[in-house]
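In the numbering used here, the protein residues as written are 475 to 735.
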Amino acid sequence: MFETTRYEVGRRLKGSVYLSVAISIYAGFIVWYFTVLEDVAIEEVFQELPPAMLEAFGIQTLNTIEGFLGAEVYNFVWVLGLGLYFAYVAGGTIASDIENERMDLLLSLPISRARLLAEKFVSLLFPILTVNVVVGAAIYVFASAIGEPIDPTHLALTHLLSVPYLLVCAAVGLVFSVVASRAALAERGALGVVFALFLVESVVGGADQYDWIQYISPTHYYEPTPLLIDGSYDLIDSGILLVAFLGLMLLSQILFQRRDI
């Protein structure tokens, strides 16, 4: 049972560690940089920023460690960076095997297409959970070290509720992976769609006449800054993301079952 998942997790182990360490180092730099800016009138700078930039990066305040991390780490690295990363990685899960002619060998084993697709996708949970646990713990330690401790409940919720969002981004990549014959096409297509959805929410969705369009973007349903600052969240948003994830998974299964390999 789950032989494919174990094999894929083994392949992703080193990359997951490198990713977690790299983001932790960046987060440590941001926490240190916050101490450098303490003597600067940072709130005045905040008020002079263009409204579009404030909206795009979820900037609510920059004079608290929670608001600063929300703008510099979570809305930039988590929402955009990791969303693109997991869409890209998922884009190569099936398409790379098809392109390299490994899929025929895999399907010759006593395993159904549905199970193969599910096990390959489940392996993505490992890097998603690893980066959340490692970076979340690192940020808590860094913030406490400078005398600006973050509420551990708020921090835990910020990371926990990012999982449905990242699953949706990865599922977008999976849809491209089961329809493309080349991994590069699937990866680029997934990147383009996730980035376009980010722009839809952060730029187009801010216009009154196009207010409705923001609801098609997964970024609309995950806002890390309010979670960090006061722990405010809506479970309905997470539920919508989970429904979207399941819908994309079902679509991937249907397309993969019908595909001629």
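C-beta atoms are modelled at their ideal positions from N, C-alpha and C, and glycine is treated no differently. All of these numbers come straight from a predicted model, not from anything done at the bench.
Span of the alpha helix (DSSP H), counted from its first residue to its last, around residue i
{"i": "Gly663", "result": "Ala657 to Ser676"}
{"i": "Asp578", "result": "Met577 to Leu581"}
{"i": "Ala645", "result": "Ser636 to Val653"}
{"i": "Asn537", "result": "Where Asn537 is concerned, there is no enclosing alpha helix (DSSP H), given that its DSSP letter is neither H nor E."}
{"i": "Val474", "result": "There is simply no residue 474 to check, as the chain begins at 475 and stops at 735 in what is shown."}
{"i": "Pro692", "result": "Taken as a continuous stretch (DSSP letters only), Pro692 belongs to no alpha helix (DSSP H), as it is neither H nor E."}
{"i": "Asn574", "result": "Neither: Asn574 is in no alpha helix (DSSP H) and is coded neither H nor E."}
{"i": "Tyr562", "result": "Gly557 to Gly565"}
{"i": "Arg589", "result": "Arg587 to Val596"}
{"i": "Phe550", "result": "No alpha helix (DSSP H) contains Phe550, which DSSP labels as neither H nor E."}
{"i": "Arg733", "result": "Here Arg733 belongs to no alpha helix (DSSP H), and DSSP marks it neither H nor E."}
Alpha carbon of residue i to alpha carbon of residue j, nearest angstrom
{"i": "Tyr639", "j": "Asp711", "result": "10 Å"}
{"i": "Ile624", "j": "Pro698", "result": "13 Å"}
{"i": "Ile499", "j": "Phe719", "result": "30 Å"}
{"i": "Val483", "j": "Phe542", "result": "33 Å"}
{"i": "Ser651", "j": "Ala592", "result": "13 Å"}
{"i": "Ala588", "j": "Leu511", "result": "52 Å"}
{"i": "Arg662", "j": "Ala569", "result": "12 Å"}
{"i": "Arg656", "j": "Met577", "result": "13 Å"}
{"i": "Arg732", "j": "Pro692", "result": "27 Å"}
{"i": "Leu715", "j": "Thr509", "result": "36 Å"}
{"i": "Leu635", "j": "Tyr696", "result": "7 Å"}
{"i": "Gln688", "j": "Ser726", "result": "24 Å"}
Burial state of residue i, where buried means 16 or more other Cβ atoms lie within 10 Å
{"i": "Ile690", "result": "exposed"}
{"i": "Ala619", "result": "exposed"}
{"i": "Ser494", "result": "buried"}
{"i": "Phe730", "result": "buried"}
{"i": "Ile613", "result": "buried"}
{"i": "Phe476", "result": "exposed"}
{"i": "Trp686", "result": "exposed"}
{"i": "Ala564", "result": "buried"}
{"i": "Leu554", "result": "buried"}
{"i": "Val717", "result": "exposed"}
{"i": "Asp571", "result": "buried"}
Contact set for residue i: own chain, Cβ-Cβ below 8 Å, skip 5 residues either direction
{"i": "Thr627", "result": "Gly705"}
{"i": "Thr632", "result": "Tyr548, Gly610, Pro698, Leu701 and Leu702"}
{"i": "Ser490", "result": "Phe600, Pro601, Thr604 and Val605"}
Close-in-space but distant-in-sequence residues of the same chain around residue i (CB under 6 Å, 5 per side omitted)
{"i": "Ile585", "result": "none"}
Contact set for residue i: own chain, Cβ-Cβ below 7 Å, skip 5 residues either direction
{"i": "Arg486", "result": "Ser597, Phe600 and Pro601"}
Does the structure place the segment 656 to 669 close enough to the segment 557 to 571 that three or more beta carbon pairs sit under 8 Å? Short answer: they touch.
Is the segment 497 to 508 in contact with the segment 540 to 556, if contact means three or more CB pairs nearer than 8 Å? For the pair of segments examined, the segment 497 to 508 was found to touch the segment 540 to 556: the number of CB pairs separated by less than 8 Å reaches three.
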